[in-house]
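Sequential numbering from 1 applies to the sequence shown in the UniProt record's numbering. Glycine included, every Cβ here is placed at the ideal spot set by N, Cα and C.
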Amino acid sequence: MKGRLTEISDLPSLRKDILLTLYELLFKHFGPQNWWPAETPFEMIVGAILTQCTSWSNVEKAIDRLKSAGKLSLEALLETDYEEIEELIKPSGYFRQKAVKLKNFVNYIAVEWDGDLEAFLDQELETLRKALLNINGIGPETADSIILYAANKPIFVVDRYTYRCVYRHGWFDGPFHYGRLQSFFMETLEASVSLYQEYHALFVQLGKYYCRTKPRCLECPVGKFIKPRRTL
Ligand code: SF4
Numbered sequence: 001m002k003g004r005l006t007e008i009s010d011l012p013s014l015r016k017d018i019l020l021t022l023y024e025l026l027f028k029h030f031g032p033q034n035w036w037p038a039e040t041p042f043e044m045i046v047g048a049i050l051t052q053c054t055s056w057s058n059v060e061k062a063i064d065r066l067k068s069a070g071k072l073s074l075e076a077l078l079e080t081d082y083e084e085i086e087e088l089i090k091p092s093g094y095f096r097q098k099a100v101k102l103k104n105f106v107n108y109i110a111v112e113w114d115g116d117l118e119a120f121l122d123q124e125l126e127t128l129r130k131a132l133l134n135i136n137g138i139g140p141e142t143a144d145s146i147i148l149y150a151a152n153k154p155i156f157v158v159d160r161y162t163y164r165c166v167y168r169h170g171w172f173d174g175p176f177h178y179g180r181l182q183s184f185f186m187e188t189l190e191a192s193v194s195l196y197q198e199y200h201a202l203f204v205q206l207g208k209y210y211c212r213t214k215p216r217c218l219e220c221p222v223g224k225f226i227k228p229r230r231t232l
């Protein structure tokens, strides 16, 4: 294990040490996550939209229902009306808003890209990000998840779980801010699709099992080696 993990440091090399050590601890404890759990890029994108504000187990139920109904494709969703989509994705919650978001996405790919999802995902990273953020209903976390896991391009996805951990350890200051938190990781770590994919998945595991609203520091694989400095 490299570096001493006691202080916030502006030294890029120490920050890198800290983040790589954290990664190693999480990887050793949870093992490879091999995210995203989806068979195709389209299924991944549907999952990324449905997972907003709900647990993954609810998303799985909704995806299974779409699959069983033969609706888990761009073409099928284009031809399906809102009410039917709402019914199928009900287990994921906020189903009316999410049906609109799914339709916005497939309509955009159909109209602007002639239905060619592969070509859309093949764009240069920044152009792709701008295009995703322009689709009504797709925010930064969803856009970046799509870029990282469906387009396989190196962008770091952050969320509340990520924030809790780095804030509680004193490595990141201030309130949650998506862009600042993302820069904190991307300016420190090398741009690597496999590292970013695993790291985000490991943060999700950490947040689910240990770094919860009420943290379980004594049992946590990080807390055994590095003491947190503050609570949220
Ligand atoms: S030690 Fe505590 S604060 Fe640190 S990651 Fe684990 S649960 Fe979160």
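Counting only unbroken stretches of 4 or more residues, the alpha helix (DSSP H) elements lying wholly within the UniProt domain "HhH-GPD" (50–209) are 56–68, 74–79, 82–88, 95–113, 117–121, 125–133, 140–145, 160–168, 178–186, 193–209, in sequence order.
Annotation for Ile18: the continuous alpha helix (DSSP H) segment containing it runs 12–30. Around Thr80, the same chain offers Lys71 as residues with beta carbons nearer than 7 Å, after the five sequence neighbours per side are excluded.
Judged by the Cβ position, Gly223 qualifies as a neighbour of the ligand SF4 at the 6 Å threshold, a heavy atom of the ligand being closer than this. Contact between Glu198 and Phe27 holds, since their C-beta atoms are separated by about 7 Å, short of 8 Å.
Secondary structure of Val46 (DSSP, three-state): helix.
Beta-carbon to beta-carbon, Gly93 and Thr54 are separated by about 5 Å, close enough to satisfy the 8 Å threshold. Between the region 17–24 and the region 53–69, the count of C-beta pairs closer than 8 Å stays below three; the two stretches do not touch. A distance below 6 Å between beta-carbons, with the five flanking residues on each side excluded, links Ser145 to the following residues of its chain, in chain order: Ala48, Val157.
At a threshold of 6 Å, Cys220 counts as near the ligand SF4, since its beta carbon sits closer than that to one of the ligand's heavy atoms. Cβ contact annotation for Cys220 (same chain, cutoff 6 Å, sequence separation greater than five): Tyr210, in chain order.
Note that the C-beta distance between Leu50 and Ala69 is not below 7 Å.
Taking C-beta atoms as the reference points, Asn104 and Ile63 fail to come closer than 7 Å. The Cβ atoms of Ala150 and Leu132 do not sit closer than 7 Å to each other.
Taking non-hydrogen atoms of the ligand SF4 into account, the C-beta of Arg168 is found less than 6 Å away from one of them. The residue among Lys61, Leu74, Arg168 with its C-alpha nearest the C-alpha of Pro91 is Lys61.
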